[in-house]
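This note's numbering numbers the first residue of the sequence shown as 121 and each following residue consecutively.
Built from N, CA and C at the ideal position, the CB exists for glycine as well.
Here the structure is a predicted model, which means the values were calculated and not measured.
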Amino acid sequence: MLARFYKREILAKLFEIISKELFPTVISYDHVIIYYEACKVSQKVGILPDAVWHIEPDGLLQLWKKNYRYGQSAKALMDSGYYKELVNKKVRLRKGSLKNLKLGLQANLLLLLKGIAYYTGYFSTERVSVTKLRLFSSLISSLCFLGK
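Below you can see the structure in the form of structure tokens.
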């Protein structure tokens, strides 16, 4: 479980540190990258124990689409050369799944379904060049500037 709420000052520092070329493509690892960088900037990063829990999509098709996109995003992140160690750390079975066998089996079955979609997206995506990411990032920045 990673923190999802941050003080404005910390987020401002993080968005100066994190490479702008990642903004257009990073979907599934955004919170991981933010948490990783926040821990470097501040020692006061913690977790709210009774915060809102993650809710999965209602149906298998939505679950598939979401995790397929996450796989594509992970591939783009790996190809960029940034934060590779964070992507590799995330792939694992659920902790504590052996404590309650029924719930653990259900959680890992869901993880398997998500994993199939994720890796299909990951391996079906062609290598995204950093140059393309920079061009897209520049375009987005220009559009945001024009909108002000």
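Is it the case that the Cβ atoms of T240 and Y190 are separated by a distance below 7 Å?
-> Counting from one through the sequence shown, the residue named residue 240 turns up at place 120. Counting from one through the sequence shown, the residue named residue 190 turns up at place 70. Going by C-beta atoms, T240 is not nearer than 7 Å to Y190.
Give the DSSP-derived three-state secondary structure of N220 in the structure shown.
-> Translated into the one-based positions of the sequence shown, residue 220 becomes position 100. N220: coil per DSSP, three-state reduction.
Determine the burial state of A132: buried for a count of at least 16 other Cβ atoms within 10 Å of its Cβ, exposed for fewer.
-> Residue mapping note: residue 132 aligns to position 12 of the sequence shown, counting from 1. It counts as exposed.
Cβ-based burial, K234 [other Cβ within 10 Å; buried from 16] | Indexing the sequence shown from 1 puts residue 234 at position 114. Under this definition K234 is a buried residue.
Indicate whether the contact test is met: 3 or more Cβ pairs, each with one atom in the segment 193–203 and one in the segment 144–154, closer than 8 Å.
-> yes
Tell me whether E136 sits in a helix, a strand or coil according to DSSP, three-state version.
-> Within the sequence shown, numbered from 1, the residue matching residue 136 stands at position 16. Three-state result, E136: helix.
Using a Cβ cut-off of 7 Å (strictly closer), state whether G166 contacts chain B.
-> The chain labelled as chain B is not found in the depicted structure, where only one protein chain is given.
beta-carbon K185 near the ligand PLP non-hydrogen atom, thresh 6 Å | By its list of ligands, the structure shown contains no ligand whatsoever, and the ligand PLP lies outside what it can speak to.
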